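Contents: one structure, followed by commentary.
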Amino acid sequence: MTEAIPRIPLDEWTRSVVDWMTNADFIFDSIEQVISWILQGLYWGMDLVPALLFIAILTAVTYFFAGRKIGLTAFVFFGLLLIVNLGFWDDMITMLSLILAATILSIVIGVPIGIWMAKNNTVEAIVKPILDFMQTMPAFVYLIPAVAFFGIGMEPGVIASVIFGMPPTIRLTNLGIREVSTEAIEAADAFGSTGTQKLFKVQLPMAKTTIMAGVNQTIMLSLSMVVIASMIGADGLGDIVYTAVGRNDVGSGFEAGLAIVVVAIILDRLTAGFGLRKRKS
Amino acid sequence: MSKIKVENLTKVFGKKPNRALSLLSEDKSKAEILEKTGLTVGVNKASFEVQDGEIFVIMGLSGSGKSTLVRLLNRLIEPTQGSVYLNGNDLATVDQKTLRNIRRKDMSMVFQKFGLFPFRTILSNVEYGLEIQGVEKKQRTEKAMESLKLVGLEGYENKYPDELSGGMQQRVGLARAFANDSDVLLMDEAFSALDPLIRKDMQDELLDLQETMKKTIIFITHDLDEALRIGDRITIMKDGKIVQIGTPEEILTNPADEYVEKFVEDVDRSKVYTASNVMMRPETVQPEREGPRVALQRMRENGISSIFAVKRNRELIGIVDASDVRKLVDEKQDDLTSAIKRDALKVVEMDTPVNDVIELTAETSYPIAVLEDGKLRGIIIRSSILAALSGKEVNLDD
């Protein structure tokens, strides 16, 4: 019975679509160029600061901007020192530039889409299933077209991370804006705000906490992509883990893995701290 | 001069609202239209005028369309049909830019749940209206501080809304509305979220402020006591329709239909009624031309034990007791004057609240005289007060 129906050549179709899209080389080339600049800029900026000064700055930032928590501050300080001690500093900076580049792109693309979704129910109805698709498709699959369009290296890694990591930012921007109380919106309207004034003076500030929760998720998802991205040539801590897996080297795999965990915890607590940061009363 | 004139204002919620309009013109009810078309009638052909400097209360139960109506006035909700004239401009048809300007300069709104921006300080909340108009920082801070002072919130400008009590938050809401210097104030259940004591304070304060500011206030409430307390005129709405418009007294004494009657049944009338509402027509005698015999005869006819003595122009002289008059008759005297007593008599003015009159009734056994410019207009006895408070008609001619 099932043999009677010919197999749908979904793979053929996908292949020909991707093939056809590679014709638009110049677009992908320019995208790649932009990402490359962002990566280099971030790396250059972070590399410029000596490791110990970097640690001192980050520790201070953690203390003053994430709720003056002694425990967390100590963790940041000693965690980063451990990474220096293990000799992973440069790899960590590389990884960090990949994550930050993916995060910046996710915010730049994701927040406007989220705003658009919040303002338009049709857009929401269309975008939501796409987001579901983006998140449930195994992350490895993104590597194939990323390589096809952008070759190997850091840039396709960023692209794959953006596709995989952006949905929470979009979703929570949409949610945050939709959650702003009707009375606040009515008040903004009743006093004669323009649409832009309402967005920037009322909706976005009121949705800030929710949006930051989305950004936090995006960063975490990008981080989970670094090992996967190393399969297509992205450098950094992920690459060390990937190599260790290839060589069955438990020791260095654990070391690099631990360093990633330290970075993950620091990034998570810092962004969560920014999101929740309230004024002093 | 009327500040706001609303004509035939209608709002139908749902898709293709025009289907309901023809049904409305056939006087179909809200329920019938919902059944036939699935459309909800929010406001049904409301027409009224609000005078300059008036507090115009729109009252109704939840679902009566009062909140929709007030939002139609500044077009937070787009009207389906009808006009709202403000200073002669039809708000229902102006373009977005003009509308925005009117919202900025001519109409401010105060919300039930305050509608404050939680991430802004009190000061910058109050400044909001000026900020979006592009008023300079220094100037708007000055104006906002002035407005905060007006509502008694000096010293709180750097706090955040969630650090303030409900009553204080609503003061901020008021200050924000005042800061714009608009003539018209729309207040949507502004005091309903406050507890009763605070609510009363706020009502008093609003009335005090209104004394000097003379804004045109449209006040939405579901609370009749509140409506009667602050309203110059009251509109009662039911199912999107205006049932009655009138002064508090008119609403109480002359309800338009059973719905309004049911509403006013439970009102504490002693707070609303004045002496003029509960007084009866007095029996009088004029000593200038009438003697003891006439007085006695008149008391006997009416079954009363005392009678008021007045001059020809109804100026009150005093009261005479039946027993004293009888004595004069027995002594064959012709002049009433010696029997007239003044000291025991309690007098009130036409607009004395009934609450105060009730206290006086305990201090005297005579009826209480109601005067206007020294002239006797009516009398009040205990039973007429009780009758009035229980909602029975008191008629001067009874």
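Just so you know, the protein sequences line up as chains A and B, in that order. Using the numbering used here, read the first sequence as starting at -11 and increasing by one per residue. Using the numbering used here, read the second sequence as starting at 255 and increasing by one per residue. Just so you know, even glycine gets a beta-carbon here, dropped at the ideal spot from N, CA and C. All values derive from a computational prediction rather than experimental measurement.
Closest to residue i by CA distance: which of the options is it?
| i | options | result |
| --- | --- | --- |
| Pro271 (chain B) | B:Ile258, B:Lys284 and B:Val295 | B:Val295 |
| Glu480 (chain B) | B:Arg425, B:Thr470, B:Leu451 and B:Glu465 | B:Leu451 |
| Val606 (chain B) | B:Ala593, B:Asp597 and B:Ile634 | Per the sequence presented here, residue 606 (chain B) reads as Thr, with Val not at that position. It is B:Ile634 whose Cα lies nearest to the Cα of Thr606 (chain B). |
| Ser436 (chain B) | A:Gly224, A:Leu30 and A:Ala178 | A:Ala178 |
| Glu569 (chain B) | B:Asp627, B:Gln587 and B:Met533 | B:Asp627 |
| Gly427 (chain B) | B:Asp477, B:Lys397, B:Thr466 and B:Ser362 | B:Ser362 |
| Val348 (chain B) | B:Phe562, B:Leu327, B:Ile490 and B:Asp442 | B:Leu327 |
| Thr50 (chain A) | A:Pro38, A:Phe66, A:Leu36 and A:Asp35 | A:Phe66 |
| Ala285 (chain B) | B:Val266, B:Gly406 and B:Pro333 | B:Val266 |
| Leu550 (chain B) | B:Lys259, B:Asp477, B:Met533 and B:Ser577 | B:Ser577 |
| Asp610 (chain B) | B:Val532, B:Gly485, B:Arg596 and B:Asp588 | B:Val532 |
| Phe432 (chain B) | B:Lys565, B:Lys516 and B:Gly383 | B:Gly383 |
| Lys259 (chain B) | B:Glu280, B:Val338, B:Met313 and B:Leu630 | B:Val338 |
| Val168 (chain A) | A:Thr182, A:Thr197, A:Asp17 and A:Thr184 | A:Thr197 |
| Gly33 (chain A) | A:Asp78, A:Tyr230 and A:Phe53 | A:Asp78 |
| Ser638 (chain B) | B:Ser524, B:Ser256 and B:Gly420 | B:Ser524 |
| Ile490 (chain B) | B:Met456, B:Val518 and B:Glu465 | B:Val518 |
| Glu396 (chain B) | B:Arg273, B:Val380 and B:Ile474 | B:Val380 |
| Ala616 (chain B) | B:Leu625, B:Glu603 and B:Leu599 | B:Leu599 |
| Gly545 (chain B) | B:Thr591, B:Leu478 and B:Ser283 | B:Thr591 |
| Arg596 (chain B) | B:Gln587, B:Tyr620 and B:Leu614 | B:Tyr620 |
| Ala90 (chain A) | A:Val229, A:Asn236 and A:Val203 | A:Val203 |
| Ala274 (chain B) | B:His476, B:Leu293, B:Glu555 and B:Val297 | B:Leu293 |
| Lys299 (chain B) | B:Gln305, B:Glu280 and B:Val602 | B:Glu280 |
| Phe365 (chain B) | A:Lys116, A:Ile45 and A:Glu174 | A:Glu174 |
| Ser419 (chain B) | B:Ile386, B:Asp575, B:Leu370 and B:Gly388 | B:Leu370 |
| Met80 (chain A) | A:Lys189, A:Asp237, A:Gly226 and A:Met208 | A:Gly226 |
List the residues of chain B that residue i touches, going by C-beta distances under 7 Å, in chain order.
| i | result |
| --- | --- |
| Gln185 (chain A) | Ile386 |
| Glu174 (chain A) | Leu330, Phe365 and Gly369 |
Strictly below 7 Å CB to CB, what residues from chain A border residue i?
| i | result |
| --- | --- |
| Asn328 (chain B) | Ala178 |
| Phe373 (chain B) | Pro193 and Met194 |
Just grab the DSSP bridge partners of residue i for me.
| i | result |
| --- | --- |
| Val246 (chain B) | There is simply no residue 246 (chain B) to check, as chain B begins at 255 and stops at 652 in what is shown. |
| Leu439 (chain B) | B:Ser362 and B:Ile471 |
| Arg487 (chain B) | B:Phe310 |
| Met534 (chain B) | B:Ile633 |
| Tyr339 (chain B) | B:Lys259 and B:Asp344 |
| Val624 (chain B) | B:Val602 and B:Gly632 |
| Ile499 (chain B) | B:Thr489 |
| Phe562 (chain B) | B:Thr538 and B:Ile573 |
| Pro607 (chain B) | B:Thr528 |
| Lys595 (chain B) | B:Ile573 |
Starting from the beta carbon of residue i, find every residue of chain B whose beta carbon is closer than 8 Å, and list them in chain order.
| i | result |
| --- | --- |
| Thr182 (chain A) | Arg354 and Ile386 |
| Val190 (chain A) | Phe371 |
| Glu171 (chain A) | Phe365, Gln366, Lys367, Phe368 and Gly369 |
In chain B, which residues lie less than 9 Å from residue i when you measure between Cβ atoms?
| i | result |
| --- | --- |
| Lys116 (chain A) | Within chain B, no residue comes near Lys116 (chain A); the closest Cβ sits about 23 Å away, beyond 9 Å. |
Name the chain A residues that come within less than 9 Å of residue i, Cβ to Cβ?
| i | result |
| --- | --- |
| Tyr410 (chain B) | Going along chain A, no residue has its Cβ under 9 Å from Tyr410 (chain B), so there is no contact; the nearest lies around 12 Å. |
What does residue i touch in chain A if you count any residue whose Cβ is under 8 Å from its own?
| i | result |
| --- | --- |
| Asn434 (chain B) | Phe179 |
| Gly421 (chain B) | Those within 8 Å of Gly421 (chain B) in chain A number zero; the least Cβ separation is about 17 Å. |
| Gly383 (chain B) | Phe179 and Gly180 |
| Arg358 (chain B) | Phe179 and Gly180 |
Touch test, the segment 54 to 64 of chain A against the segment 245 to 257 of chain A, Cβ-Cβ under 8 Å, three pairs minimum: Touching, per the Cβ criterion.
Using a Cβ-Cβ cut-off of less than 9 Å, give me the residues of the segment -3 to 22 of chain A that come near chain B, in sequence order. Listed by position, the residues of the segment -3 to 22 of chain A near chain B (Cβ gap below 9 Å) amount to none.
Inspect the CB distances between the segment 396 to 407 of chain B and the segment 340 to 357 of chain B and report whether three or more fall short of 8 Å. Short answer: they don't touch.
Determine contact between the segment 125 to 137 of chain A and the segment 147 to 160 of chain A, defined as no fewer than three beta-carbon pairs at a distance below 8 Å. Touching, yes.
By the 7 Å beta-carbon criterion, what residues does the segment 308 to 338 of chain B contribute toward chain A? If the cut-off is 7 Å between Cβ atoms, the segment 308 to 338 of chain B has Asn328 and Leu330 near chain A.
When Cβ atoms are compared, which residues of the segment 516 to 527 of chain B fall closer than 8 Å to chain A? Along the segment 516 to 527 of chain B, there is no position whose C-beta sits under 8 Å from a C-beta of chain A.
Say whether the segment 224 to 243 of chain A touches the segment 159 to 174 of chain A, bearing in mind that this needs 3 or more beta-carbon pairs closer than 8 Å, one atom from each stretch. In short, these stretches do not touch, since the Cβ pair count stays below three.
If we count Cβ pairs, one from each stretch, closer than 8 Å, do we get three or more for the segment 217 to 224 of chain A versus the segment 131 to 139 of chain A? Per the Cβ contact rule, the segment 217 to 224 of chain A is in contact with the segment 131 to 139 of chain A (3 or more Cβ pairs under 8 Å).
The segment 24 to 34 of chain A / the segment 79 to 88 of chain A touching (three or more Cβ pairs under 8 Å): Enough Cβ pairs lie closer than 8 Å, so yes.
Within 8 Å, do at least three Cβ pairs link the segment 491 to 509 of chain B to the segment 300 to 320 of chain B? Contact check between the segment 300 to 320 of chain B and the segment 491 to 509 of chain B: three or more CB pairs, one atom from each, fall below 8 Å, which counts as touching.
Three CB pairs or more closer than 8 Å across the segment 513 to 522 of chain B and the segment 534 to 542 of chain B: No, because fewer than three Cβ pairs between the segment 513 to 522 of chain B and the segment 534 to 542 of chain B fall closer than 8 Å, the two stretches do not touch.
Meets three-Cβ-pair contact criterion under 8 Å: the segment 556 to 572 of chain B and the segment 617 to 632 of chain B: They touch, by the three-pair rule.
Across the segment 300 to 314 of chain B and the segment 462 to 471 of chain B, are there enough close Cβ pairs to call them in contact, namely three or more that are closer than 8 Å? Result yes; three or more Cβ-Cβ pairs closer than 8 Å.
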